[in-house]
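Protein chains in written order, with my numbering: chain A, 29 to 278; chain B, 397 to 630.
We treat Cβ as the ideally placed atom computed from N, Cα and C, and that holds for glycine.
Shown next, in structure tokens, is the structure this report addresses.
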């Protein structure tokens with residue numbers, strides 16, 4: 029929750045203070061024919077957005093979402109490329125803190141925010157962020173969350189353009205399930221952090237069939253003959269698995 | 397299917413001059429899947445009113461050859477007969493899981509305002525990804541099309557890796573990932589739906605040396621969409 033936005037806001041206050049001090053200095057002169065100093069600028073215009081994430085699955089709780097506002101040069105992942113360590117941590121254990129820390133350290137990222145809690149099947153959560161109106165050109169938002177009754181399935185749209193949203197307007201997208209490519213889809217409880225497993229989350233070993241992000245092929249489950257699976261028909265899913273609505277509120 | 401190409405060719409003789417549209421665009425084909433390889437793609441910009449396949453209708457012999465064995469030569473001849481703007485095999489071979497290929501197309505001076513793309517999913521019996529005659533955008537920008545997997549309806553989905561790729565020969569040609577099993581007894585008989593339809597997905601099993609299928613349920617399944625096509629109009 030402590031994000032770049034806080035630093036941006038603080039920097040704005042410092043700038044304003046400096047301008048006010050400069051104005052006082054200028055007023056104390058009075059001897060020369062200098063034009064009056066310009067009035068202090070008005071407070072910068074802000075833009076606020078509500079991001080609502082809805083869980084479309086039958087029995088796959090979503091880990092607390094990571095919502096990242098950024099320009100076009102950042103991406104949570106690239107299909108066919110290895111997941112970052114932060115994304116691996118989210119995809120295997122549902123912990124978004126490392127992904128958010130990676131994003132905060134990226135110059136292309138304007139602000140980040142975490143959901144407060146997991147989102148159960150059929151549930152939704154709205155998180156909000158605010159940034160400067162001057163930061164709107166090129167603004168996109170990405171969302172990432174784990175399907176916690178899996179080994180390493182994630183969902184969330186990448187780079188949804190919101191630069192042209194007027195106040196009161198919204199954009200709605202749906203996202204498919206991706207495989208982070210960092211953990212084999214063993215479907216064993218010891219490797220599934222959600223309620224169907226209660227097992228280990230993050231493990232630095234990468235033992236999937238390919239160390240890259242792709243689409244998820246879905247849960248197999250015991251009824252389909254996967255004898256060592258601890259998942260069943262309830263945990264299966266099909267696309268889309270998440271719906272994301274972004275509304276500009278200010 | 398053949399008839400529609402002939403009809404279109406006749407109509408083309410009387411066609412009006414093509415509209416002056418922005419017709420220079422880039423196409424990116426992305427294999428979205430976990431572990432499916434694609435045979436060489438056929439990409440064709442062609443006049444409206446033509447289709448490489450129609451859901452609910454039988455596959456043409458040339459579509460069958462593509463869907464069962466990855467052979468696009470017959471479909472290439474079909475679209476060349478329409479005066480299509482054609483790109484064959486842009487990935488220069490198989491397109492591996494999660495990989496992309498990008499190429500340019502230019503339809504200036506033609507009436508080729510629809511885009512079709514087909515390729516076989518490996519390993520399957522007769523599954524193919526098909527973008528079906530979508531209107532090519534003319535306003536500059538980026539447009540994304542999600543593509544589903546279809547079943548050509550021409551071959552039983554026995555999921556047996558026999559090397560069979562020719563039309564009418566049962567079995568799957570090859571698994572480029574090498575993660576297949578062997579010794580399967582066969583999953584399914586002839587398709588209940590003999591027309592082109594959305595593929596019901598592969599079944600697989602977890603028995604490397606037996607079971608019903610030579611596919612592995614843990615790595616050879618997929619969910620739609622299986623391909624993403626991105627058109628960027630310049």
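If we ignore side chains and look at the alpha-carbon of each, how far apart do residue 119/A and residue 142/A end up? In the first chain, the residue the question calls residue 119/A occupies position 91. In the first chain, the residue the question calls residue 142/A occupies position 114. Each residue's alpha carbon lies about 15 angstroms from the other.
Closest Cα partner of residue 607/B within the set 619/B, 525/B, 578/B and 530/B: Here residue 607/B refers to the residue found at position 211 of the second chain. Answer by Cα proximity: 578/B.
Chain B within 9 angstroms of residue 242/A, Cβ atoms only: Along the first chain, one-based indexing puts residue 242/A at 214. Output row for residue 242/A: interface = yes.
To the nearest whole angstrom, what separates the beta carbons of residue 283/A and residue 429/B, a pair I think is in contact under 8 angstroms? The requested residue 283/A does not occur in the structure, where chain A is confined to residues 29 to 278.
Same chain only: Cβ atoms within 8 angstroms of residue 566/B, ignoring 5 sequence neighbours per side: As a position in the second chain, residue 566/B is number 170, starting the count at 1. These residues qualify, in order along the chain: 521, 551, 552, 554, 556, 558 and 560.
Smallest Cα separation from residue 75/A: which of 223/A, 192/A and 212/A? One-based indexing of the first chain puts residue 75/A at position 47. Of the residues 223/A, 192/A and 212/A, the one whose Cα lies closest to the Cα of residue 75/A is 192/A.
Contacts that residue 248/A makes with chain B (C-beta to C-beta distance below 9 angstroms): The sequence position of residue 248/A within the first chain is 220, counting from 1. Result: 600, 602, 613, 614 and 617.
Residue 129/A: which of 121/A, 122/A, 110/A and 140/A sits nearest, CA to CA? In the first chain, the residue the question calls residue 129/A occupies position 101. When each option's Cα is compared against that of residue 129/A, the closest is 140/A.
Are at least three pairs of beta-carbons, each pair with one atom in the stretch 149-162 of chain A and one in the stretch 218-232 of chain A, less than 8 angstroms apart? With the cut-off at 8 angstroms, the stretch 149-162 of chain A and the stretch 218-232 of chain A do not touch.
Roughly how many angstroms lie between the CA atoms of residue 85/A and residue 109/A, to the nearest whole one? For this step, residue 85/A is matched to residue 57 along the first chain. For this step, residue 109/A is matched to residue 81 along the first chain. Roughly 26 angstroms separates the two Cα atoms.
Determine the chain A residues that contact residue 575/B at a beta-carbon separation under 7 angstroms, and present them in chain order. Translated into positions along the second chain, residue 575/B becomes position 179. Those within 7 angstroms of residue 575/B in chain A are 237.
I need the boundaries of the beta strand (DSSP E) containing residue 545/B, first residue and last residue. Here the question's residue 545/B lines up with position 149 in the second chain. Run containing residue 545/B: 545-547, per the beta strand (DSSP E) assignment.
Under 7 angstroms from the C-beta of residue 430/B: neighbouring residues of chain A: Residue mapping note: residue 430/B aligns to position 34 of the second chain, counting from 1. Correct list: 207, 242, 243, 244 and 245.
What is the residue span of the alpha helix (DSSP H) that residue 463/B lies within? Taking the second chain and counting its residues from 1, one reaches residue 463/B at position 67. From DSSP, the alpha helix (DSSP H) with residue 463/B extends over 457-465.
Can you tell me which of 628/B, 458/B and 507/B puts its alpha carbon nearest to the alpha carbon of residue 540/B? For this step, residue 540/B is matched to residue 144 along the second chain. Ranking 628/B, 458/B and 507/B by Cα distance to residue 540/B puts 628/B first.
Let me see if you follow: with CB-CB separation under 9 angstroms, is residue 563/B close to chain A or not? Residue numbering aside, residue 563/B sits at position 167 when the second chain is read from its first letter. Using a CB distance cut-off of 9 angstroms, residue 563/B does not count as an interface residue toward chain A.
Beta-carbon neighbours of residue 258/A, restricted to chain B and to distances below 9 angstroms: Locating residue 258/A in the first chain gives position 230, where the first residue counts as 1. None at all; the shortest Cβ gap to chain B is about 14 angstroms.
Give the straight-line distance between the Cα atoms of residue 610/B and residue 197/A, rounded to the nearest whole angstrom. Locating residue 610/B in the second chain gives position 214, where the first residue counts as 1. Locating residue 197/A in the first chain gives position 169, where the first residue counts as 1. Computed Cα separation, rounded: 51 angstroms.
Local conformation of residue 117/A per DSSP, three classes: Position 89 of the first chain, counted from the start, is the residue given in the question as residue 117/A. Looking at residue 117/A - three-state DSSP - the assignment turns out to be helix.
Could you tell me whether the Cβ of residue 622/B comes closer than 9 angstroms to any Cβ of chain A? For the purposes of this step, residue 622/B is identified with residue 226 of the second chain, where counting begins at 1. At least one chain A Cβ lies under 9 angstroms of residue 622/B.
Listing by chain order, which chain B residues have their CB less than 9 angstroms from the CB of residue 255/A? Residue numbering aside, residue 255/A sits at position 227 when the first chain is read from its first letter. At a C-beta separation below 9 angstroms, residue 255/A has these neighbours in chain B: 602.
So that I know if they touch, is there some Cβ in chain B lying closer than 9 angstroms to that of residue 84/A? Working through the first chain from its first residue, we reach residue 84/A at position 56. Chain B, which has no Cβ nearer than 9 angstroms to the Cβ of residue 84/A, makes this no.
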